[in-house]
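Participant: Numbering (this note's numbering), first residue to last: 1235 to 1324.
Think of the CB as a built atom: it goes at the ideal place given N, C-alpha and C, for glycine as much as any other residue.
Written out as structure tokens, the structure is:
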């Protein structure tokens, strides 16, 4: 039994309550693209295939880009959009 069902809050911080966290994410036992070197093509929008850890949002057609749409990457899973890091490091 759980005391709360949380959508993004800090009620579990105290450790006194049991909290069930629901994530809109693929099966964590499957290797995700954030663990696969070279998967940045999905994150950078170069691939036409859908990414299971991305919501796959696009902008409305852009007048200044001859009606093309741009990918608007938002992460699906624990950590939100930080899961789409693309192996970038500085």
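So what does residue 1305 bridge to, in DSSP terms?
Facilitator: Here residue 1305 is taken as the residue at index 71 of the chain shown, counted from 1. Answer is 1292.
Participant: When DSSP labels each residue in this structure, what does residue 1287 get in the three-state scheme?
Facilitator: Position 53 of the chain shown, counted from the first residue, corresponds to residue 1287. In the structure shown, residue 1287 sits in coil (DSSP, three-state: anything other than H, G, I, E or B).
Participant: Could you have a look at residue 1299 and say whether DSSP puts it in helix, strand or coil?
Facilitator: On the chain shown, residue 1299 is found 65 positions in, with the first residue counted as 1. The answer is helix: DSSP assigns residue 1299 an H, G or I state.
Participant: If you check the beta carbons only, do residue 1308 and residue 1287 fall under 8 Å apart?
Facilitator: Residue mapping note: residue 1308 aligns to position 74 of the chain shown, counting from 1. Residue mapping note: residue 1287 aligns to position 53 of the chain shown, counting from 1. Not a contact, by the Cβ cut-off of 8 Å.
Participant: Assuming residue 1259 contacts residue 1312 under a Cβ cut-off of 8 Å, what Cβ separation, rounded to an integer in Å, is found between them?
Facilitator: In the chain shown, counting from the first residue as 1, residue 1259 sits at position 25. In the chain shown, counting from the first residue as 1, residue 1312 sits at position 78. Correct: roughly 7 Å between the Cβ atoms.
Participant: Quick check: residue 1293 and residue 1303, are their CB atoms within less than 8 Å of each other?
Facilitator: Looking up residue 1293 in the chain shown gives position 59. Looking up residue 1303 in the chain shown gives position 69. Result yes, Cβ atoms of residue 1293 and residue 1303 sit closer than 8 Å.
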